[in-house]
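A.B. asks: I have a structure here, written as structure tokens, and I will follow up with some questions on it.
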Amino acid sequence: MPPTQVLSRLTALQAAPTATLKQQWRELFGKEPPPWNRAYIQSRLAYRIQELAYGGLKPETVDRLVALGEQLDGGNVVLRRIRADSRPLAGTRLIREWQGVQHVVTVRVNDFEFEGRPYQSLSAIARHITGTRWNGWTFFGLRARGEA
1 MPPTQVLSRL TALQAAPTAT LKQQWRELFG KEPPPWNRAY IQSRLAYRIQ
51 ELAYGGLKPE TVDRLVALGE QLDGGNVVLR RIRADSRPLA GTRLIREWQG
101 VQHVVTVRVN DFEFEGRPYQ SLSAIARHIT GTRWNGWTFF GLRARGEA
């Protein structure tokens, strides 16, 4: 595919019906599309169109990425898909209403920010808000009550 057609093909993906996207999948990948959502299929098609026009990763790069993955998890792909911890991503805002007042906590890389101050734990913030001891994860709705 000539690189001059890439932009128009990528733009057309946005308006294409799902049936058309699935047909393009069959043409570009040579197999049936996965049963996942439209956004996934669309993003993979966009990557494939660019890959065919401009070239994909060099074989050496692919080999290096595979080697790094195996060093990280011994080749177990399932482990790669699990986050290292259950902590929300930095930048996430946790909002909790308590006694008619809305409280907002921002997750940072190594701690949490509440009312402009850093806190090491959500439990400390929950205690500051309520005056009693709480599991911070439970207080902010990140874990069900009684869940380990």
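Heads up, the sequence shown is in full-length UniProt numbering, so the first residue is 1 and it goes up one at a time.
Cβ coordinates follow ideal geometry from the N, Cα and C atoms, glycine included.
1) On a CA-only basis, which of 87, 45, 126 is nearest residue 14? Give me that one, please.
2) With a threshold of 16 other CB atoms inside 10 Å of the CB of residue 41, please say whether the residue is buried or exposed.
3) Would you call residue 103 buried or exposed, if buried means 16 or more other Cβ atoms sit within 10 Å of its Cβ?
4) Identify every residue that forms a DSSP beta bridge with residue 98.
5) With C-beta atoms as the reference, is residue 9 less than 8 Å away from residue 21?
6) Tell me where the beta strand (DSSP E) around residue 117 begins and ends.
C.D. replies: On the basis of the coordinates in this document:
1) Working through the sequence shown from its first residue, we reach residue 14 at position 14. For residue 14, the nearest C-alpha among the options comes from 45.
2) For this step, residue 41 is matched to residue 41 along the sequence shown. Residue 41 is buried by the Cβ-count criterion.
3) Walking along the sequence shown from the start, residue 103 turns up at place 103. With 16 or more other Cβ atoms within 10 Å, it is buried.
4) Within the sequence shown, residue 98 is the residue found at index 98, counting from 1. Partner(s): 101.
5) For the purposes of this step, residue 9 is taken as residue 9 along the sequence shown, with counting starting at 1. For the purposes of this step, residue 21 is taken as residue 21 along the sequence shown, with counting starting at 1. Cβ distance not < 8 Å, so residue 9 and residue 21 don't count as in contact.
6) On the sequence shown, position 117 is the one that residue 117 refers to. Here the beta strand (DSSP E) through residue 117 covers 117-119.
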